[in-house]
Amino acid sequence: MHAPKTNLCTICRGHKKLCGRDICPIIEKKRIREAIVPLINKDIFGASPSAFFVGDWNYPKVLVGPLVPPVHENTEIFDLPEGWHGKELDEIIKFRSLLVRSKEFVKVSDAKNPKGYLEKSQEIVMSKKPVDVELILKKTPHFALEFSQFSPPTGPSGFVESFKISENPKVPRVVDKINSDDIKASKGISLLYDKDIPVSHISKLLSAGLLGEQKNRKLVPTRWSITATDDSLSKFHLKKVKSSPEINKFEIYHDEDVGNRFVVILFPSMWCYEFLECWLPGSLFLESSLSPNVISDYELFDGRKEYASLTAGAYYAARFSVTEHLFESRRQAGALVFMEVHPSYHTPVGVWRVREITRNALQKKPDSFDTEEEVLRKASEILSLPFEKYREKSKILGFKHRQKTLSDWMNS
9 MHAPKTNLCT ICRGHKKLCG RDICPIIEKK RIREAIVPLI NKDIFGASPS AFFVGDWNYP
69 KVLVGPLVPP VHENTEIFDL PEGWHGKELD EIIKFRSLLV RSKEFVKVSD AKNPKGYLEK
129 SQEIVMSKKP VDVELILKKT PHFALEFSQF SPPTGPSGFV ESFKISENPK VPRVVDKINS
189 DDIKASKGIS LLYDKDIPVS HISKLLSAGL LGEQKNRKLV PTRWSITATD DSLSKFHLKK
249 VKSSPEINKF EIYHDEDVGN RFVVILFPSM WCYEFLECWL PGSLFLESSL SPNVISDYEL
309 FDGRKEYASL TAGAYYAARF SVTEHLFESR RQAGALVFME VHPSYHTPVG VWRVREITRN
369 ALQKKPDSFD TEEEVLRKAS EILSLPFEKY REKSKILGFK HRQKTLSDWM NS
């Protein structure tokens, strides 16, 4: 759990909120530790919610393993980001901290011919329901919480001594079929999505080396698989979106969750997209005394050739939600997505939040306007940072100064 600088902590002691956060990360970590430690030992018997983690350190021989909680009831939600919207950040951290990460070094190429530990792990990943597992670690793990900007947090970890599945995994027919078919991973991803397999489950199947042509299958580090799935599904959507009629109004959607505020503007245009990100003073990566900075990545009709390195996985997660919305509404538009991170987002929990908050925003009825000026004025009322700061950084909005309208520019 990310903590602010120690000199502030010494003065504050969790009461004065000198770091700008409503909840002290140090005190919160202690509270979670006291609740979790009594449940953790080297022998773990619990229901794994098809949770699976592949590290990227030491690639191509990486640490791999299912995540197993020392409990049996209601564990499905522990690894289902689609069900986390509206939950408190601390609740998410607490149930994720129960997931003990078993691990063993495995070559990524072993996914083509899995045996033993990896084969059993893959069986768990394929299941749509939690699977009872008996796990014995080589020693009792120390309490630890591991956080990432890309993937959800995990709890203690330890090397495996023995691993046993205590019941038959419940594998959806379509998952079993796609796993058996010798087709490209991108095709498998889109087919699973068409059959309503959750995006988070699809990314785990990709990570576990269960998708793709048999000769090319390999384990994919978790953080890579999340972005690869978002990217692949966006491109699947865009094949249809780019030939759909354009919207005829300026639409604005917004939503807020776990200290992250999102505003989505859709405007009449050929497809283009920009993601603008701002961490406000006192938030996780910006001290209260510093000025906020806006970063952005964008693409035009033909897409990007390089990875969106500034906004990284968040760019692809939001793009997925936007293209999903346009795909389902059979429309084409330009899109601007604004993300503001507030001090209450005190601990990183992954890019799932970007996907799900944007998704939730786009499920609401939008405010519609006839002009660009009106929609930008509405956005400025919702966002905390003065809108001029976004305008200065936005590549797509910047073209407005040289073209009559955004649509004129995109169609010129």
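Quick note: the sequence shown uses this note's numbering, first residue 9, plus one each step.
Note that beta-carbon positions come from the ideal geometry of N, C-alpha and C, so glycine has one too.
So what does DSSP say about residue i, is it helix, strand or coil?
i: D140; result: strand
i: R338; result: coil
i: L71; result: strand
i: G220; result: coil
i: M278; result: coil
i: T355; result: coil
i: R363; result: helix
i: F244; result: helix
i: N268; result: strand
i: D305; result: strand
i: R225; result: coil
i: H262; result: strand
i: T83; result: coil
i: C286; result: strand
i: L391; result: coil
i: D293; result: It should be pointed out that residue 293 corresponds to Phe in this sequence rather than to Asp. In the structure shown, F293 sits in coil (DSSP, three-state: anything other than H, G, I, E or B).
i: A316; result: coil
i: L344; result: strand
i: E254; result: strand
i: E400; result: helix
i: K120; result: helix
What's the gap between the Cα of residue i and the Cα of residue j?
i: A152; j: P89; result: 21 Å
i: E131; j: D184; result: 10 Å
i: A341; j: F377; result: 14 Å
i: K421; j: E285; result: For residue 421 there is no data in the structure shown, the boundaries of the chain being 9 and 420.
i: R109; j: L47; result: 14 Å
i: K69; j: S165; result: 18 Å
i: G407; j: Y281; result: One detail in the question is off: residue 407 reads as Phe in this sequence, not Gly. C-alpha separation (whole angstroms): 13 Å.
i: R312; j: Y306; result: 8 Å
i: R385; j: L405; result: 13 Å
i: L106; j: L71; result: 19 Å
i: L219; j: P138; result: 21 Å
i: I144; j: K128; result: 14 Å
i: W360; j: G196; result: 21 Å
i: N428; j: D87; result: In the structure as shown, the chain begins at 9 and stops at 420. Residue 428 is therefore absent and cannot be evaluated.
i: Y125; j: F171; result: 7 Å
i: I255; j: M278; result: 9 Å
i: E380; j: E99; result: 40 Å
i: K372; j: A387; result: 16 Å
i: G73; j: L213; result: 13 Å
i: D202; j: L298; result: 45 Å
Looking at C-alpha atoms only, which residue of the options is the closest neighbour of residue i?
i: I205; options: L241, E221 and S170; result: L241
i: E421; options: P57, F346 and L97; result: Here the chain covers residues 9 to 420 and nothing more, so residue 421 does not appear.
i: A55; options: E142, F158, E127 and F328; result: E142
i: M134; options: K111, P374 and V179; result: V179
i: L344; options: S402, G311 and H80; result: S402
i: S291; options: V249, H354, K250 and L370; result: H354
i: A325; options: K192, I234 and G166; result: I234
i: P122; options: L97, Q222, A59 and T230; result: Q222
i: D140; options: L107, V182 and S174; result: S174
i: A119; options: R225, I101, R231 and H333; result: R225
i: L334; options: K372, S252 and V383; result: S252
i: V62; options: M278, K115 and I255; result: K115
i: P177; options: G73, V207, K136 and R399; result: K136
i: V357; options: L298, D265 and P78; result: D265
i: E154; options: F395, K102, R399 and K95; result: K102
i: D310; options: T366, V207 and V249; result: V249
i: K95; options: I365, P289, S304 and I191; result: I365
i: S208; options: F328, A320, E295 and K257; result: F328
i: L318; options: T331, Y67, G91 and S304; result: S304
i: I52; options: H93, A193, T331 and E169; result: E169
So residue i packs on residue j, CB below 8 Å; how close in whole Å?
i: T6; j: L75; result: It is not possible to answer for residue 6, since the shown part of the chain is limited to 9 through 420.
i: L246; j: E259; result: Not quite, the Cβ-Cβ distance comes to about 19 Å (not below 8 Å), so this is no contact.
i: A369; j: D263; result: 4 Å
i: L391; j: P300; result: Not really, about 11 Å apart at Cβ, beyond 8 Å.
i: K111; j: F60; result: The Cβ separation is near 11 Å, so there is no contact.
Taking 7 Å as the cut-off, is the CB of residue i close to at least one heavy atom of the ligand MG?
i: S376; result: This structure does not include the ligand MG; it has no bound ligands of any sort.
Quiz prompt | Three-pair Cβ contact test at 8 Å for the region 347-357 versus the region 256-272 | solution = yes
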